[in-house]
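A quick write-up on the structure given underneath.
Number of protein chains: 2
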Amino acid sequence: MTAYAAPLRDITFVLDNVAGLAKVTALPAFAEATPDLVSSILEEAAKIAADTLAPLNQVGDSQGARLENGVVRVADGWTEAWNVLVEGGWNGLPFSPDHGGMGLPNVLNTAVHEMWQAANMAFTLCPMLTQGAVNAVESYGTEGQKALYLPKMVTGEWTGTMNLTEPGAGSDLAAIRTKAVPEGDHYRISGSKIFITYGDHEMVENIIHLVLARLPDAPAGVKGISLFIVPKFLVNEDGSLGARNDAVCASLEHKLGIHGSPTAVMAFGEGEGAIGSLVGEANRGLEYMFTMMNHARQAVGLQGLAIAERAYQQALNYARERVQGKPTGWTGAGATGIINHPDVRRMLMTMKCQIEAMRGLIYSAAAHVDVAHNHPDAAERGRAQMMADLYTPLVKGWSTEVGNVIASLGVQVHGGMGYVEETGAAQHFRDARITTIYEGTTAIQANDLVLRKTLRDGGQGLRGLLQDVATTAGAAESAGLAIGAKLNAATATATACVEWLVGAGKEDPRLPAGAAVPFLELMGILVGAQMMAKGALAAKGGGDAFLAAKLVTADFYADHVLSRVDGLGQTILAGSAAIMALDESQL
Amino acid sequence: MTAYAAPLRDITFVLDNVAGLAKVTALPAFAEATPDLVSSILEEAAKIAADTLAPLNQVGDSQGARLENGVVRVADGWTEAWNVLVEGGWNGLPFSPDHGGMGLPNVLNTAVHEMWQAANMAFTLCPMLTQGAVNAVESYGTEGQKALYLPKMVTGEWTGTMNLTEPGAGSDLAAIRTKAVPEGDHYRISGSKIFITYGDHEMVENIIHLVLARLPDAPAGVKGISLFIVPKFLVNEDGSLGARNDAVCASLEHKLGIHGSPTAVMAFGEGEGAIGSLVGEANRGLEYMFTMMNHARQAVGLQGLAIAERAYQQALNYARERVQGKPTGWTGAGATGIINHPDVRRMLMTMKCQIEAMRGLIYSAAAHVDVAHNHPDAAERGRAQMMADLYTPLVKGWSTEVGNVIASLGVQVHGGMGYVEETGAAQHFRDARITTIYEGTTAIQANDLVLRKTLRDGGQGLRGLLQDVATTAGAAESAGLAIGAKLNAATATATACVEWLVGAGKEDPRLPAGAAVPFLELMGILVGAQMMAKGALAAKGGGDAFLAAKLVTADFYADHVLSRVDGLGQTILAGSAAIMALDESQL
Chain A
2 MTAYAAPLRD ITFVLDNVAG LAKVTALPAF AEATPDLVSS ILEEAAKIAA DTLAPLNQVG
62 DSQGARLENG VVRVADGWTE AWNVLVEGGW NGLPFSPDHG GMGLPNVLNT AVHEMWQAAN
122 MAFTLCPMLT QGAVNAVESY GTEGQKALYL PKMVTGEWTG TMNLTEPGAG SDLAAIRTKA
182 VPEGDHYRIS GSKIFITYGD HEMVENIIHL VLARLPDAPA GVKGISLFIV PKFLVNEDGS
242 LGARNDAVCA SLEHKLGIHG SPTAVMAFGE GEGAIGSLVG EANRGLEYMF TMMNHARQAV
302 GLQGLAIAER AYQQALNYAR ERVQGKPTGW TGAGATGIIN HPDVRRMLMT MKCQIEAMRG
362 LIYSAAAHVD VAHNHPDAAE RGRAQMMADL YTPLVKGWST EVGNVIASLG VQVHGGMGYV
422 EETGAAQHFR DARITTIYEG TTAIQANDLV LRKTLRDGGQ GLRGLLQDVA TTAGAAESAG
482 LAIGAKLNAA TATATACVEW LVGAGKEDPR LPAGAAVPFL ELMGILVGAQ MMAKGALAAK
542 GGGDAFLAAK LVTADFYADH VLSRVDGLGQ TILAGSAAIM ALDESQL
Chain B
2 MTAYAAPLRD ITFVLDNVAG LAKVTALPAF AEATPDLVSS ILEEAAKIAA DTLAPLNQVG
62 DSQGARLENG VVRVADGWTE AWNVLVEGGW NGLPFSPDHG GMGLPNVLNT AVHEMWQAAN
122 MAFTLCPMLT QGAVNAVESY GTEGQKALYL PKMVTGEWTG TMNLTEPGAG SDLAAIRTKA
182 VPEGDHYRIS GSKIFITYGD HEMVENIIHL VLARLPDAPA GVKGISLFIV PKFLVNEDGS
242 LGARNDAVCA SLEHKLGIHG SPTAVMAFGE GEGAIGSLVG EANRGLEYMF TMMNHARQAV
302 GLQGLAIAER AYQQALNYAR ERVQGKPTGW TGAGATGIIN HPDVRRMLMT MKCQIEAMRG
362 LIYSAAAHVD VAHNHPDAAE RGRAQMMADL YTPLVKGWST EVGNVIASLG VQVHGGMGYV
422 EETGAAQHFR DARITTIYEG TTAIQANDLV LRKTLRDGGQ GLRGLLQDVA TTAGAAESAG
482 LAIGAKLNAA TATATACVEW LVGAGKEDPR LPAGAAVPFL ELMGILVGAQ MMAKGALAAK
542 GGGDAFLAAK LVTADFYADH VLSRVDGLGQ TILAGSAAIM ALDESQL
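If you read the protein sequences in the order shown, they are chains A and B. At position 232 of the first sequence the residue is numbered 233 (this note's numbering), and the sequence of numbers has no breaks. At position 530 of the second sequence the residue is numbered 531 (this note's numbering), and the sequence of numbers has no breaks.
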């Protein structure tokens, strides 16, 4: 079992100096989010992470979730841990007090969830998805649905799920076949859903499924999908539980990682049909689901950061303790840990600097969401929404790819011990691997960034974002930070790529689509560098070792990560012709 | 269960056009290696890979090796598969007919092992290590040892192991503590060894352990290590088996992957001490072990290629069959597999082109070994040995890192199905992860390349290698291949890095050591590009679709892989100061 200690000073540093927490808490909606309250929330969440969730991480991995006689059992201690969250009201942190929530900023919820995802990713999928389901009901449900379901979902007494994927409909939601047939004041839902995270489990008395399905007269494709609430147990008007609904877990997947999280095949309507109620208007389900998905995508990007932080802590501890040979150039007295071997240090720095960059990006995206939803001024809301929209594919696409690389470096730092399961490094590596896949693969994020968010407006939005990067780069350069000039040069490369994408898109859409993932990586690295520059600007002249380190990690990031932008630019600007040049049979 | 079909035309193309098989078979030592014999060996080996080994790959993963009442059980069918290799005499392919071998080239053995490693990596570790043990006994054993052990090791009736690692001595062999005390005509060995691949198993009647240990009067450090033969069962002079030796498997590791391969903790001398005999001279064990390790390092690099090929085949099949949405820009009639989604195609091309580059590099290294060991002319032997020495860290360090990336892309192509263990893609991902660790981590390969093989001769050898790359680049440029000019530019970057490394090494050895892994990656990419250019030069003007594809993969490699050289050059030339700039406490 490995420990986790929340990096509270790093988290606070990014909240205050990179993401702009003060701008968020200055919004009228968040008048209660005083600095004292923020601190105590972070400290309490850190304790839960370290004391309650982290010790259960390896337990969940080794025991896994099991389907036994129709009941989905979770690992030892997990139900008790869930009850800790329920009792603290933690699930309601970002929700309106109207439904029992705390009414605190999304960016604060993000910081709390970073700690929990790092402590126990398989567990924290449950609050993550429950919050997504609350969002959907809060945003699109009728008053009756809100009254019936939200109070217990906000407390976490009931959990929520998202039921999108079907065997023939993964990335392509147009292919959804689950049916919803009207019957009186409700609908009968029938169909099969796969990959349903926490689709069933024993931790709570009821589970509220949000299910995409088609009405009998629905148009084909994505414009014929509607969203339904399908509870595991029907809920009476007084809030008490009624009959068991026809929505059951048919089996659980045997997965590479996140063993503690039950991934269910859900059968709706094996009998007379599951009873559900329509959310919002018919045939607008995909649009509603996208709102949730944007939340979920930022949350999965956060998992990339979190698993990276966990892997880093474990590797750092091992590197301090493990003695193995005399490091090259070592002049210190006596034995030293492998932390002083230059390449081990290079790996640790590669992990550390990208963790800082990801945290900056993800918290900034979360703060933009707060502003977009709560600023009194519509123009400010619009600007923040545009930034959130552009950041979301970077948060999801880039942070999860980087999270995988960092989890792999965590194994590498351990050498042979990293390959032995008992050590724990391998679990992070296995757990991390899902993050580039679920809630839309990296390619889907990249297509979102390029095809939707760059080509549709002719590159307008991205040029604005690049201007914002250039402003930071200029400030860094003026302040004499080495990253400044490098960030400026990289921004010019990115700008050239945007122009190429826009032009190529007019020629053949396969060209920008083929360049989309390299472009996503380029933009992730670039905006990550902007975050490092912001941090370095804030830390400059500060007196202590923590602040001084921020200048070094920014330098390291510039030399070891930002340096990749040129090559990515070459790849993109070379055109994508070679990608599709072979006939299928030649592969 | 997933199938594997050996890519015989690709293998033959690289043997003939990139690695220069003809130059090897022209050596007097290999007079019997006629084209017909080579073909039939490759075809037979391909059948064994497809029919015997590949079907057991998932069986081995799910059953694993188990220690039951002191016996190490292997998975169902594995003993029968081993007997297929024994009956065919396959283990003796590269060994002298004097000891029952076939006397065929190392490069041919490499091609055969590529197929078997791809078919079943956990299984093929056993012949791989047995061949390494034969090499050691053949090279350094007494005539008596050779007569006693080699016949049955060459047939594979007995298997071999390498016992280096101890709990406190992984990468640092100077810390080895296992003792060898002289007693009459033999030695008593006592100590604990860990991570011993196929340290014990039930497939054969005897196992010959090669064990590093210290004599009582040995100097400290690596100059006091000797090599011993310690058989599981003592062998009588007539070759029959005697008493059980005091060398037992204490436990097996629970690993991330290669479950079918037993990784043993070996206890030597828990009782009266294991009986062993000294190989070669006392205190020269490390030197002998290094000869074996060079073989083993090339063999592990080959695993990187092999697992990549296996992952590619599986991803390609899935991408052909899986239908999901209409690909961007798709104008074909009807439904098509995801193979026509631009980013899926980009991933497949990224896999394919690097597999071709690795195969060229690895087979070339193997051919250099053949020339170095068998050429009648000493100067030719010397030149080939120098190339083999420089290639070995690239083969091991670069191919295993690339193998991991490709196995991960294999998961990604499968989307959610890639995360489900039954699919098989995840097994390749788990299996691949050990390859950058055992037989020396990537950092150790990089230090070998930079500190030993570049700084010691002031960059002389590497300049020669870069000149060789430049020659290919020039030829490619003259032939009008796009990769030519790009390879030339990248060679200039590499040259600048060599000069920087040599200079920085004089200043502070930590500087080149910190840049070593980026430099290894740069050199791997570069020599890989040289191999692609050689292939394209050979394919140019050829009439069929297979040869035409070589030109496209070379173009793709240039745009998507070789393009990384600039960034790696920036990283190296920026200096390594930021790597060690933080105090330990600031990490």
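Think of the CB as a built atom: it goes at the ideal place given N, C-alpha and C, for glycine as much as any other residue. Because the structure is a prediction, the values reported are computed rather than measured.
Cβ distance (whole Å) where residue i is taken to contact residue j below 8 Å
| i | j | result |
| --- | --- | --- |
| Ala444(B) | Asn405(B) | With 8 Å as the limit, Ala444(B) and Asn405(B) do not qualify as a contact, their Cβ atoms being about 15 Å apart. |
| Thr198(B) | Leu126(B) | 5 Å |
| Pro217(B) | Val182(B) | 6 Å |
| Ile276(B) | Leu235(B) | 6 Å |
Euclidean distance between Cα positions of residue i and residue j
| i | j | result |
| --- | --- | --- |
| Gly570(B) | Val451(B) | 15 Å |
| Arg346(B) | Phe547(B) | 17 Å |
| Gln299(A) | Tyr5(A) | 22 Å |
| Cys354(B) | Tyr558(B) | 6 Å |
| Asn607(B) | Ala540(B) | Here chain B comprises residues numbered 2 to 588, so residue 607(B) is not present and cannot be evaluated. |
| Thr179(A) | Ser252(A) | 18 Å |
| Val15(A) | Ile230(B) | 59 Å |
| Ala312(A) | His369(A) | 28 Å |
| Glu97(A) | His376(A) | Sequence inspection shows Ser at residue 97(A); the Glu mentioned does not correspond to that position. Rounded to the nearest angstrom, the two C-alpha atoms are 16 Å apart. |
| Ile51(A) | Ala7(A) | For the record, residue 51(A) in the displayed sequence is Ala; it is not Ile. Those two C-alpha atoms are separated by around 7 Å. |
| Leu521(B) | Gly529(B) | 12 Å |
| His296(B) | Glu139(B) | 13 Å |
| Ser40(A) | Asn237(A) | 40 Å |
| Gln146(A) | Trp91(A) | 22 Å |
| Leu213(A) | Tyr150(A) | 18 Å |
| Gln314(A) | Leu130(A) | 26 Å |
| Gly243(B) | Gly274(B) | 16 Å |
| Phe269(A) | Val414(B) | 29 Å |
| Met116(B) | Ala76(B) | 20 Å |
Where the beta strand (DSSP E) through residue i begins and ends
| i | result |
| --- | --- |
| Phe557(B) | Premise fails: Phe557(B) lies in the alpha helix (DSSP H), 546 to 561, not in any beta strand (DSSP E). |
| Val266(A) | 264 to 269 |
Partners in chain A for residue i, counting only beta-carbon separations shorter than 8 Å
| i | result |
| --- | --- |
| Thr442(B) | Gln413, Gly416 |
| Glu422(B) | His255, Lys256, Leu257 |
| Met294(B) | What Met294(B) touches in chain A: nothing, since even the nearest Cβ is about 15 Å away. |
Extent of the continuous alpha helix (DSSP H) run through residue i
| i | result |
| --- | --- |
| Glu115(B) | 107 to 120 |
| Trp501(B) | 483 to 508 |
| Tyr150(A) | 144 to 156 |
Interface residues of chain A facing residue i [CB-CB closer than 7 Å]
| i | result |
| --- | --- |
| Gln587(B) | Ala546, Ala550 |
| Val553(B) | Ala579, Ala582, Leu583 |
| Arg10(B) | Residues of chain A passing the Cβ test: none, with the nearest at roughly 12 Å. |
Neighbouring residues, chain A, relative to residue i (Cβ below 9 Å)
| i | result |
| --- | --- |
| Leu287(B) | Going along chain A, no residue has its Cβ under 9 Å from Leu287(B), so there is no contact; the nearest lies around 14 Å. |
Chain B contact residues for residue i, given Cβ-Cβ distances below 8 Å
| i | result |
| --- | --- |
| Thr401(A) | Residues of chain B passing the Cβ test: none, with the nearest at roughly 11 Å. |
| Gln571(A) | Asp560, Ser564, Asp567 |
| Phe430(A) | Leu257, Arg434 |
Contact set between residue i and chain B, taken where Cβ atoms lie within less than 9 Å
| i | result |
| --- | --- |
| Lys353(A) | Leu583, Leu588 |
| Asp173(A) | Val324, Gln325, Gly326, Lys327 |
| Val518(A) | Asp344, Arg347, Met348 |
Are the region 16 to 28 of chain A and the region 96 to 110 of chain A touching by the rule of at least three beta carbon pairs closer than 8 Å?
yes
For the pair the region 274 to 287 of chain B and the region 224 to 244 of chain B, tell me if three or more CB-CB distances fall below 8 Å.
yes
Which residues, in chain order, does the region 183 to 196 of chain B contribute to contact with chain C at a C-beta distance below 9 Å?
Absent from the structure is chain C; the protein chains it does hold are A and B.
Counting Cβ pairs, one atom from each stretch, are 3 or more of them under 8 Å apart for the region 113 to 122 of chain B and the region 51 to 70 of chain B?
yes
Any 3 or more C-beta pairs closer than 8 Å across the region 389 to 396 of chain A and the region 129 to 144 of chain A
no
Would you call the region 169 to 176 of chain B in contact with the region 314 to 334 of chain A, where contact means no fewer than 3 C-beta pairs closer than 8 Å?
yes
Are the region 567 to 586 of chain B and the region 493 to 503 of chain B touching by the rule of at least three beta carbon pairs closer than 8 Å?
yes
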